[in-house]
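64 is the number of the first residue of the sequence shown in the working numbering; add one for each residue after it.
Where is the CB? At the ideal position from N, CA and C, for every residue including glycine.
A short write-up of the structure that comes next.
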Amino acid sequence: MTSTVPPPMRPEPDLPAVIEAMLFASASEPVLMEEIRAGLPECEAEQIEAGIEELERRLDRRGSGLRLERVAGGFRLVTRPEHAERLRSLFRFRNRKRLTPAALEVLAIVAYAQPITAPEIQEIRGTDPAYALRVLLDRRLIRIVGRRRVVGRPILYGTTREFLMHFGLDSLADLPPVEAFGTKVMPSQRRLFPASASDAGEEAVPAEPPAVPATPGPTGRAAPPPA
């Protein structure tokens with residue numbers, strides 16, 4: 064008679080550590096609760112919520128330069144306000160580096176059509192804007208402003224005060240008309256460029272449904288810089 068050795072017990076995950084890793088890996092946008100649950104199918108919602116609260120406490124206890132923020136219906140890690148000035152110096156240095164043509168193109172689309180989602184940017188460009196959006200978020204030229212009230216609730220992007228400073232603008236009203244660059248707005252894209260429709264002598268397309276407002280922190284990779 065042979066004895067069967069039971070398989071080793073799978074260790075329970077360190078929930079706060081796993082959640083912290085998820086948030087770090089998705090630094091460009093908040094992680095929704097349903098996304099966290101998808102990554103932790105063995106855990107109940109109450110366990111995950113407890114893990115999130117414990118992560119907040121751990122960050123405080125160890126004096127981390129990061130804090131957990133609830134924004135746009137999800138969670139993300141952002142830097143603490145007391146480090147804002149040093150971070151501004153870092154990003155001013157980074158912003159001196161030249162942007163790639165692809166990043167400049169995505170930035171222009173966000174500036175003229177904000178608030179706008181990544182799928183809408185892809186509709187205009189024909190290519191995935193994910194990498195360019197990460198670069199622009201890192202450089203604080205764009206920020207997350209909410210979520211579109213459609214299926215999937217995609218992230219909405221807009222420009223920041225740093226964008227105005229970087230290009231020497233007082234406000235978005237100082238942007239030249241998009242047609243000034245010889246760019247023709249296609250009929251299918253007029254909903255993204257409502258001003259262009261009225262300039263062309265046509266009735267402007269009504270705006271999209273309002274976004275779900277975000278609550279951006281004073282610092283953090285995706286939040287606008289303090290005034």
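> Since residue 169 sits in a beta bridge, which residues does DSSP pair it with?
Replying inline: BP columns for residue 169 are empty, so no partner.
>> For the beta strand (DSSP E) containing residue 87, name the first residue and the last one.
In response: Looking at the DSSP string, residue 87 is not in any beta strand (DSSP E); the run it does join, the alpha helix (DSSP H), is 78–88.
> Under a Cβ-count criterion, where at least 16 other Cβ atoms within 10 Å of its own Cβ denotes burial, should residue 195 be classed as buried or exposed?
Replying inline: buried
> Is residue 192 buried or exposed, if buried means 16 or more other CB atoms sit within 10 Å of its CB?
Replying inline: Buried: at least 16 other Cβ atoms inside 10 Å.
> Who are residue 187's beta bridge partners in DSSP?
Replying inline: DSSP output for residue 187 lists no bridge partner at all.
>> Does residue 236 pass the burial test, meaning 16 or more other C-beta atoms within 10 Å, or should it be called exposed?
In response: With fewer than 16 Cβ atoms within 10 Å of its Cβ, residue 236 is classed as exposed.
> Does the beta-carbon of residue 93 have 16 or more other beta-carbons within 10 angstroms, so that it is buried, or is it exposed?
Replying inline: buried
> Among 141, 215, 208, which residue has its Cα nearest to the Cα of residue 89?
Replying inline: 141
>> If distances are taken between C-alpha atoms only, which option among 125, 119, 130, 136 comes closest to residue 98?
In response: 136
> Would you report the Cα separation of residue 189 and residue 175, rounded to the nearest angstrom?
Replying inline: A straight-line Cα-Cα distance of about 17 Å links residue 189 and residue 175.
>> If you reduce the DSSP assignment to three classes, tell me which class residue 225 lands in.
In response: helix
> Taking residue 163 as the reference, which of 197, 112, 121 has the closest Cα?
Replying inline: Among 197, 112, 121, the Cα nearest to that of residue 163 belongs to 197.
> Alpha carbon to alpha carbon, how far is residue 203 from residue 228?
Replying inline: 11 Å
> Ends of the alpha helix (DSSP H) at residue 130?
Replying inline: Here residue 130 belongs to no alpha helix (DSSP H); instead the beta strand (DSSP E) covers 129–134.
> In terms of residue numbering, what span does the alpha helix (DSSP H) encompassing residue 125 cover?
Replying inline: Residue 125 -> no alpha helix (DSSP H), and no H or E assigned at all.
>> Counting C-beta neighbours from all protein chains within 10 Å, is the total for residue 101 16 or more, i.e. buried, or is it exposed?
In response: exposed
> When the Cα atoms are used, what is the spatial distance from residue 206 to residue 200?
Replying inline: 6 Å
> Buried or exposed: residue 170, going by 16 or more other Cβ atoms within 10 Å of its Cβ?
Replying inline: buried
>> Can you tell me whether residue 131 is buried or exposed? The criterion is at least 16 other CB atoms within 10 Å of its CB, across all chains shown.
In response: buried
>> Taking only three categories from DSSP, how would you classify residue 155?
In response: helix
> Can you tell which of 128, 118, 217, 139 has its C-alpha closest to the C-alpha of residue 146?
Replying inline: 128
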